[in-house]
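Engineer:
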Amino acid sequence: MLKNLTKTALLATATLIGVPSVLIQPTFAQMPSLGDGIICTATGKTAQGVKLYVYTSEIDDDSINKKEPVTLTMVSPVSDVVEGQILVVNKDDNTVTIDNFAAATPPEMRPVGLAVTTYQGRNTFSGKSQAGTPVSFTLENNLRTITVKHGGDSFTGVCH
């Protein structure tokens, strides 16, 4: 019995040494990259209780290095959107989708504001809305989250 165990151990050791090992890479959620461009979405309520969705135009290396403008679009749902529904932004055609893959464009979503911002340093962009209200946002957590400040209101969200 001991001889069989020794033979098995030697065979296993010879197999591990003689056969090239296969490295298995663990799968991690891909981190957002400015090289690929990211879009960020945030949601929250204004001081008046109006629910808003905020999303950026694409943010990439040029947005930071060349200080190219990044727009923030603010939309309000016309119909009720239940908390926890999925919000998807398509970078290619700049559309927003809410749950069940129904496009969230008018009449489902009503534009309520647009702001143009530029990079100020330390992952922060600032500017003004079309109405002249100060707006800023900061990319945090390795470009995974966004915090938006518009007037006295704050919104938080994620980047993709």
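Numbering-wise (my numbering), the sequence shown opens with residue 227 and increments by one. We treat Cβ as the ideally placed atom computed from N, Cα and C, and that holds for glycine.
1. Along the chain, where does the alpha helix (DSSP H) containing D287 start, and where does it finish?
2. Using the beta-carbon count (16 or more within 10 Å), is A341 buried or exposed?
3. For T373 versus T359, is the C-beta spacing smaller than 8 Å?
4. Classify D379 as helix, strand or coil using the three-state DSSP reduction.
5. Under 7 Å Cβ to Cβ from D287, same chain only, skipping five residues before and after it: list those, please.
6. Rounded to whole angstroms, what's the CA-CA distance from C385 to T297? Just pull it up for me.
7. First and last residue of the beta strand (DSSP E) that includes R336?
8. From which residue to which residue does the beta strand (DSSP E) around T364 run?
Structural biologist: Let me spell this out:
1. Translated into the one-based positions of the sequence shown, residue 287 becomes position 61. Going by DSSP, D287 is part of the alpha helix (DSSP H) stretching over D287 to N291.
2. Reading the sequence shown from its first residue, position 115 is the one you call residue 341. By the Cβ neighbour-count rule, A341 is buried, with 16 or more other Cβ atoms within 10 Å of its own.
3. Position 147 of the sequence shown holds residue 373. Position 133 of the sequence shown holds residue 359. At a Cβ-Cβ threshold of 8 Å, T373 and T359 do not count as neighbours.
4. Here residue 379 corresponds to residue number 153 of the sequence shown, with the count starting at 1. Looking at D379 - three-state DSSP - the assignment turns out to be strand.
5. For the purposes of this step, residue 287 is identified with residue 61 of the sequence shown, where counting begins at 1. These residues qualify, in order along the chain: L260 and G261.
6. Translated into positions along the sequence shown, residue 385 becomes position 159. Translated into positions along the sequence shown, residue 297 becomes position 71. So the two alpha carbons sit approximately 14 Å from each other.
7. In the sequence shown, the residue the question calls residue 336 occupies position 110. First-last of the beta strand (DSSP E) with R336: M335 to G347.
8. The residue labelled residue 364 in the question sits at position 138 within the sequence shown. DSSP places T364 in the uninterrupted beta strand (DSSP E) bounded by P360 to E366.
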